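K.L.:
Protein chains in written order, with our numbering: chain Y, 63 to 180; chain X, 23 to 134. Here a beta-carbon is modelled for each residue, glycine too, at the ideal position from N, C-alpha and C. Note that this is a predicted model, so its numbers are computed, not measured. Provided herewith is a single structure, encoded as structure tokens, for subsequent inquiry.
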């Protein structure tokens, strides 16, 4: 099993540029989560999808952030325009499901994308 | 507010010894799950152990075990026979139907 795949692993960009982070969940998992990790705020849940549908995006910091999941094997997190305070490690995680009792399933994390906005 | 507190920013243990990492949480939910994740320098988040809140029996995974005290809302992690590879950041987390929260982490150092 390849695990959760994220790309790129590192991204350096300038303020104002658009940034797109990509995630491929584990095959067979139908829930996907995006997290942001910073020294100041720790690990924060930004948004999660179930069966490609966004369920809760209350953690998305502002309108500059958007996430999509066009199919079961791919998701993107986009920041437009990016700002220096967006610098963080962004993790994607997937789990078997959140329908019914599935929400308790263990989440498996990708390796993360380290974003630096200059 | 639902929170997770790890009161030990750093811990140190001698190789082969036992160490306990503390975690407390605050939630009004009755149905939830608790997790310990390990994050080595590679930054990968690795599941160490999980506990269902409705189970009284403490979870165990090889050298890792938990002490789950539901009434006290405490969920500590015990690492027995510590190994050099156990050195990492350890995050306590809980999950409810609509939320997932992580603690600030405890950095564990293992001395040879």
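Starting from residue 72 of chain Y, follow its DSSP beta bridges and name the residues at the other end.
P.N.:
Walking along the first chain from the start, residue 72 of chain Y turns up at place 10. Answer is Y:176, bridged to residue 72 of chain Y.
K.L.:
Using beta carbons (cut-off 8 Å, strictly below), is residue 43 of chain X in contact with chain Y?
P.N.:
Within the second chain, the letter at position 21 stands for residue 43 of chain X. Residue-level contact by beta carbon fails for residue 43 of chain X and chain Y, as no gap is shorter than 8 Å.
K.L.:
Only counting runs of 3 or more residues, tell me where the beta strand (DSSP E) segments fall wholly within the region 94-170 of chain Y, in order along the chain.
P.N.:
Restricted to the region 94-170 of chain Y, the beta strand (DSSP E) segments that are unbroken, complete and at least 3 residues in length are 104-112, 115-118, 127-133, 136-141 and 150-157, listed in chain order.
K.L.:
Could you run through the region 88-114 of chain Y and flag, in chain order, every residue whose CB is less than 9 Å away from some CB of chain X?
P.N.:
95, 97, 99, 104, 105, 106, 107 and 110
K.L.:
If you run the structure through DSSP and keep just helix, strand and coil, what is residue 108 of chain X?
P.N.:
In the second chain, residue 108 of chain X corresponds to position 86, counting from 1. Three-state result, residue 108 of chain X: helix.
K.L.:
Does the Cβ of residue 112 of chain Y have 16 or more other Cβ atoms within 10 Å, making it buried, or fewer, making it exposed?
P.N.:
Residue 112 of chain Y sits at position 50 when you count from the first residue of the first chain. Its Cβ being crowded by 16 or more others within 10 Å, residue 112 of chain Y is buried.
K.L.:
Less than 8 Å between the CB atoms is what I'm expecting for residue 122 of chain Y and residue 109 of chain Y, so what's the real figure, rounded?
P.N.:
In the first chain, the residue the question calls residue 122 of chain Y occupies position 60. In the first chain, the residue the question calls residue 109 of chain Y occupies position 47. Right, the Cβ-Cβ distance comes to about 6 Å (below 8 Å), so this counts as a contact.
K.L.:
When the cut-off is 8 Å and only beta carbons count, does residue 97 of chain X lie next to chain Y?
P.N.:
For the purposes of this step, residue 97 of chain X is taken as residue 75 along the second chain, with counting starting at 1. No, residue 97 of chain X does not count as interfacial toward chain Y.
K.L.:
Just the chain X side, please: which residues come within less than 7 Å of residue 153 of chain Y by C-beta, in chain order?
P.N.:
The residue labelled residue 153 of chain Y in the question sits at position 91 within the first chain. Here the neighbours are 67.
K.L.:
Would you give the residue range spanned by the beta strand (DSSP E) that residue 61 of chain X belongs to?
P.N.:
The residue given as residue 61 of chain X occupies position 39 in the second chain. 55-61 is the span of the beta strand (DSSP E), which, as asked, contains residue 61 of chain X.
K.L.:
Report the neighbours of residue 80 of chain X on chain Y: residues whose CB is nearer than 9 Å to its CB, in chain order.
P.N.:
Against the second chain, residue 80 of chain X aligns to sequence position 58. What residue 80 of chain X touches in chain Y: nothing, since even the nearest Cβ is about 17 Å away.
K.L.:
Please classify residue 77 of chain X: is it buried, with 16 or more other beta-carbons within 10 angstroms of its beta-carbon, or exposed?
P.N.:
As a first step, residue 77 of chain X must be located in the second chain, where it is residue number 55. The residue is exposed, with fewer than 16 neighbouring Cβ atoms inside 10 Å.
K.L.:
I'd like to know if residue 123 of chain Y contacts chain X, where contact means its C-beta is closer than 8 Å to some C-beta of that chain.
P.N.:
Here residue 123 of chain Y corresponds to residue number 61 of the first chain, with the count starting at 1. With 8 Å as the cut-off, residue 123 of chain Y does not count as an interface residue toward chain X.
K.L.:
If distances are taken between C-alpha atoms only, which option among Y:82, Y:86 and Y:126 comes closest to residue 134 of chain Y?
P.N.:
Within the first chain, residue 134 of chain Y is the residue found at index 72, counting from 1. It is Y:86 whose Cα lies nearest to the Cα of residue 134 of chain Y.
K.L.:
Whose C-alpha, out of X:41, X:126 and X:75, is nearest the C-alpha of residue 85 of chain X?
P.N.:
Counting from one through the second chain, the residue named residue 85 of chain X turns up at place 63. Of X:41, X:126 and X:75, the residue nearest in Cα terms is X:41.
K.L.:
Where does residue 60 of chain X land, buried or exposed, given buried means 16+ other C-beta within 10 angstroms?
P.N.:
In the second chain, residue 60 of chain X corresponds to position 38, counting from 1. Classification of residue 60 of chain X: buried, given that the 10 Å Cβ count is 16 or more.
K.L.:
Does residue 127 of chain Y get closer than 8 Å to chain X when you measure Cβ to Cβ?
P.N.:
Counting from one through the first chain, the residue named residue 127 of chain Y turns up at place 65. With 8 Å as the cut-off, residue 127 of chain Y does not count as an interface residue toward chain X.
K.L.:
I'd like to know whether the C-beta atoms of residue 128 of chain X and residue 28 of chain X end up nearer to each other than 8 Å.
P.N.:
Here residue 128 of chain X refers to the residue found at position 106 when the second chain is read from its first residue. Here residue 28 of chain X refers to the residue found at position 6 when the second chain is read from its first residue. Yes. Within cutoff.
K.L.:
Who are the Cβ neighbours of residue 102 of chain X in its own chain at under 7 Å, not counting the five residues just before and after it?
P.N.:
Here residue 102 of chain X corresponds to residue number 80 of the second chain, with the count starting at 1. The answer, listed in chain order, is 40 and 85.
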